[in-house]
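See structure below.
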Amino acid sequence: MPTPDPPSAQAVRRCQAALNSLHSTVYFTADLPKALAGYGITDHTGGYLVGRAASLGAVGPGVVTALFYSYKHDMVAGHFPTAWERISPAQAWQERLRAVDATLHQALGAGALTAQPVREAARLALTAAAAGRREARPMFAALADLPVPQEPHVALWYAATLLREHRGDSHIAALAAAGLDGLEALVSHCASDAGMPGELVRAKRGWTEEDWSAAEDRLRGRGLMTGDGTLTGRGEELRAALEDETDHRDRAPYDHLGARGVALLTELCEGFARSAAAAGIFPPPLVGFFVPDGEQTPAEAPA
């Protein structure tokens with residue numbers, strides 16, 4: 242069977258951004274926090290950590306810090322392993338899937354969930370994810386061991402999440418190889434054109450203003466950041482090189498799908514992101530990060 246024409250790096254990034262937008266819908270509704278509150282998990286960040294770590298099993302804080310990369314270990318250790326005394330990983334995963342179902346009902350409308358566009362997007366995303374590489378990608382590998390949900394819209398979210406974590410694992414490998422620790426990676430990302438404002442992510446990941454300033458000083462010491470907190474030319478070159486290296490490590494699923502499949506999956510998922518925005522899923526300050534504007538693509542979330 243002939244190999245499909247490979248997509249360009251730009252096409253892969255645009256597809257991954259659209260998939261990430263679909264994946265991220267579950268973080269902006271009350272469905273999962275409400276479900277987890279029934280288990281005594283009421284902290285928003287704790288709920289995020291529990292939901293995302295559920296596929297790993299009852300791991301401790303060291304594993305979560307290592308794999309999530311840009312979260313402060315002291316903050317993570319405040320949630321694990323005690324969270325698993327309140328909810329099992331299997332329960333947390335099922336609650337996450339139920340929240341996805343409710344969120345996508347709100348985002349897309351009940352009539353769209355079993356319609357051809359969602360079914361086709363699920364087929365394409367699962368086809369791509371099937372070619373993902375487990376080696377050195379623990380978040381992707383753990384998710385890939387779980388059964389594919391039966392409902393098309395939940396299966397689509399699951400596949401989008403697989404592909405998000407495949408890229409995330411690939412990106413963390415690139416960050417580590419470049420010698421950036423988790424906070425330095427976050428600070429430099431926020432200082433880049435693609436990054437979210439630091440004030441939106443710093444406290445949620447457990448970092449203090451002093452931590453942030455110290456990381457900026459370390460980046461200045463390497464010639465990557467200016468005195469006013471913007472990236473130097475070297476810093477911009479490093480961030481661009483990191484994205485290029487991530488693209489290289491993340492290519493297998495999209496090469497397997499081929500240029501036409503990637504283009505169609507992107508078109509479908511960008512449409513879903515627009516529907517989610519119209520339904521009020523994304524907070525107004527963040528709509529531009531998750532919904533494409535013309536030929537531009539949404540910014541990637543930091544690792």
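Each residue of the sequence shown is one higher than the last, beginning at 242 in my numbering. Where a beta carbon is used, it is the ideal one built from N, C-alpha and C, also for glycine.
Measuring alpha carbon to alpha carbon, tell me which of the options ends up nearest residue i.
i	options	result
Ala418	Leu277, Thr487 and Gln251	Thr487
Ala299	Tyr280, Thr323 and Gly439	Thr323
Arg459	Gly436, Leu424 and Ala435	Leu424
Asp452	His314, Arg501, His497 and Asp434	His314
Pro379	Leu421, Ala307, Tyr280 and Cys256	Ala307
Thr355	Gln391, Cys431 and Thr270	Gln391
Trp334	Ser411, Asp422, Arg293 and Ala456	Arg293
Cys431	Thr471, Thr467, Leu421 and Ala455	Thr471
Gly420	Tyr280, Ala456, Gly439 and Ala385	Ala456
Gly281	Ile328, Ala348 and Ala385	Ile328
Classify residue i: buried if its beta carbon has 16 or more other beta carbons within 10 angstroms, exposed otherwise.
i	result
Pro248	buried
Glu536	Because Glu536 carries a pLDDT of 40, less than 50, the predicted location of this residue cannot be relied on, and the following value inherits that uncertainty. So Glu536 counts as exposed.
Asp469	exposed
His320	buried
Thr449	exposed
Ser265	buried
Asp491	buried
Asp272	buried
Gln257	buried
Gly502	buried
Glu326	exposed
Pro525	exposed
Does the Cβ-Cβ distance between residue i and residue j come in under 9 Å?
i	j	result
Ser296	Pro274	no
Ser263	Phe523	Strictly speaking, residue 263 in this sequence is Leu, with Ser absent from that position. Not a contact, by the Cβ cut-off of 9 Å.
Gly409	Pro494	no
Glu336	Leu404	no
Ala517	Val532	yes
Leu441	Ala426	no
Phe309	Leu527	no
Arg446	Thr286	yes
Ala340	Glu511	no
Asp485	Ala318	no
Work out the CA separation of residue j and residue i for me, nearest whole Å.
i	j	result
Asp284	Val428	24 Å
Thr473	Arg461	9 Å
Ile413	Glu508	27 Å
Gly464	Gly476	7 Å
Thr368	Pro358	15 Å
Leu506	His497	13 Å
Ala504	Leu338	27 Å
Arg515	His489	28 Å
Val253	Gly499	10 Å
Arg375	Thr402	14 Å
Glu350	Tyr289	Checking the sequence, you will find Gly at residue 350 rather than Glu. Going by the C-alpha atoms only, they are around 24 Å apart.
Phe530	Gln332	31 Å
Ser411	Met437	20 Å
Ala540	Asn261	With a pLDDT of 45 at Ala540, under the threshold of 50, the predicted position of this residue should be treated as unreliable, though the coordinate-derived value follows. If you take the alpha carbons of Ala540 and Asn261, they lie about 10 Å apart.
His407	Ser454	31 Å
Gly352	Ser433	39 Å
Pro388	Ala377	21 Å
Met466	Ala435	16 Å
Ala371	Pro245	15 Å
Ala385	Gly439	32 Å
Pro302	Ser311	13 Å
Val305	Ala383	13 Å
Pro393	Ala348	15 Å
Gly279	Phe381	28 Å
Asp422	Met316	16 Å
Arg255	Val267	20 Å
Following a CB-centred definition, is residue i positioned closer than 8 Å to any heavy atom of the ligand ATP?
i	result
Pro438	What this structure holds is no ligand at all, so the ligand ATP is not there to describe.
Determine contact between the region 475 to 489 and the region 340 to 348, defined as no fewer than three beta-carbon pairs at a distance below 8 Å. The answer is no - the region 340 to 348 does not touch the region 475 to 489, with fewer than three Cβ pairs under 8 Å.
Count the CB pairs spanning the region 359 to 367 and the region 395 to 406 that are closer than 8 Å, and state whether there are at least three. Contact between the region 359 to 367 and the region 395 to 406 is present: 3 or more CB-CB pairs across the two stretches fall below 8 Å.
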